[in-house]
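**Student:**
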Amino acid sequence: ADLKAFSRAHLNASPKIVFQKMADHKNLNQWVPMIDHEVKVDFSKSETPGKNGVGTIRTCDFGGDILTEVIQFWEQDKSYAYSVLPNDNVAGEDHLGVITIEPDGNGGSLVTWRQYFNPKPWSLKAKIMPFMMSMVMDKALNNLTEEYGGVVL
2 ADLKAFSRAH LNASPKIVFQ KMADHKNLNQ WVPMIDHEVK VDFSKSETPG KNGVGTIRTC
62 DFGGDILTEV IQFWEQDKSY AYSVLPNDNV AGEDHLGVIT IEPDGNGGSL VTWRQYFNPK
122 PWSLKAKIMP FMMSMVMDKA LNNLTEEYGG VVL
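The opening residue of the sequence shown carries number 2 in the numbering used here; numbering runs sequentially from there.
1) Buried or exposed for V152, going by 16 or more other Cβ atoms inside 10 Å?
2) By DSSP's criteria, Y81 is part of a beta bridge. Which residues make up the other side?
3) Tell me whether the stretch 44-52 and the stretch 142-149 touch, counting them as touching only if at least three CB pairs, one residue from each stretch, are closer than 8 Å.
4) Would you report the Cα separation of L125 and A92, rounded to the nearest angstrom?
5) Spell out the partners DSSP gives P122 in its beta bridges.
6) So, with DSSP's three-state summary, where would you put D139?
7) Helix, strand or coil: how does DSSP classify L127 here?
8) Bridge partners of A6, per DSSP?
9) Pull the bridge partners of L111 from the DSSP assignment, please.
10) Within the continuous alpha helix (DSSP H) that includes F20, where are the two ends?
11) How many Å lie between S84 and A14 at the Cα?
12) Apart from the five residues just before and just after T57, which ones in its own chain have a Cβ nearer than 6 Å to its Cβ?
13) Tell me which same chain residues have a C-beta within less than 7 Å of the C-beta of Y81, skipping the five on either side of it?
14) Taking Cβ positions, are L154 and L12 nearer each other than 7 Å?
15) K27 by DSSP, collapsed to three states: which one?
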């Protein structure tokens with residue numbers, strides 16, 4: 002799938018601290034807009050049973066769309082990627098989200114969040130989805146800058 006949404010931020014907190022926040026699936030509602038509830042997390046299929054890792058499943062209501070996401074890549078304190086399982090109510094398919102957190106060399110972090118997907122051709126929502134996702138991602142990272150200091154780039 003093609004890159005459809007991109008957001009980047011510099012945060013005044015270490016990659017370890019930022020990763021702990023961004024990888025706390027159950028509490029995504031603390032920083033991701035449009036999620037107004039605790040996210041359901043299932044670690045039963047995780048490569049590291051009972052803990053975050055490849056195979057962890059999170060289910061959230063994102064603005065009325067129920068998304069089931071599976072962690073596809075996990076590098077502790079650095080990066081993770083998730084795919085959205087196919088769903089008739091979701092405007093995109095072949096969806097992959099990738100979050101990377103790199104040290105800035107001064108004790109802070111550079112966060113990059115990418116969303117890849119193919120819009121469903123029959124979906125009106127798919128036409129505005131890249132714009133809306135970029136806005137949500139920027140707002141989410143802005144929420145983290147309010148907590149840790151920094152700036153959305």
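By construction, the Cβ of each residue, glycine as well, lies at the ideal position given by its N, Cα and C atoms.
**Tutor:** Well, looking at it:
1) exposed
2) W75 and I100
3) no
4) 8 Å
5) P122 is not bridged to any residue.
6) helix
7) Per the sequence presented here, residue 127 reads as Ala, with Leu not at that position. DSSP places A127 in helix when its eight states are reduced to three.
8) According to DSSP, A6 shares a beta bridge with Q116.
9) H11 and E103
10) P16 to M23
11) 27 Å
12) Once the five neighbours on either side are set aside, the close Cβ partners of T57 are F44, S47 and I72.
13) A24, I72, F74, W75 and I100
14) no
15) Helix, per DSSP.
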